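Notes for the one structure printed next.
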Amino acid sequence: NERNPMTDVLHLTQIELLNRYRDASDDETRATIAPIIQASINGIAAAMQSTG
2 NERNPMTDVL HLTQIELLNR YRDASDDETR ATIAPIIQAS INGIAAAMQS
52 TG
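Numbered according to the working numbering, the sequence shown spans residues 2 to 53.
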């Protein structure tokens, strides 16, 4: 990502979290992962805010 290389880690983390969410076999695990996914979305949005 040339516009903001700091988001690369967030992108990779988000991919891993989404995979874990999809692979989760119980609602408790999904409930634990869901807010972390939301935080990663918010982090990417905040990072992109200043890049246009």
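C-beta atoms are modelled at their ideal positions from N, C-alpha and C, and glycine is treated no differently. Please read these numbers as outputs of a predicted model, since none were measured by experiment.
Please state whether DSSP places residue i in a helix, a strand or coil.
{"i": "residue 2", "result": "The predicted model places residue 2 with a pLDDT of 44, which falls under 50 and marks its position as unreliable; any figure quoted below should be read in that light. The answer is coil: DSSP assigns residue 2 none of H, G, I, E or B."}
{"i": "residue 25", "result": "coil"}
{"i": "residue 7", "result": "coil"}
If you draw a straight line from the alpha carbon of residue i to that of residue j, how long is it in whole angstroms?
{"i": "residue 47", "j": "residue 11", "result": "11 Å"}
{"i": "residue 35", "j": "residue 50", "result": "23 Å"}
{"i": "residue 29", "j": "residue 22", "result": "11 Å"}
{"i": "residue 7", "j": "residue 31", "result": "27 Å"}
{"i": "residue 16", "j": "residue 38", "result": "9 Å"}
{"i": "residue 9", "j": "residue 45", "result": "9 Å"}
In or out: residue i buried (at least 16 other Cβ within 10 Å) or exposed?
{"i": "residue 54", "result": "This structure does not reach residue 54, given that the chain is present from 2 up to 53, and the question cannot be answered."}
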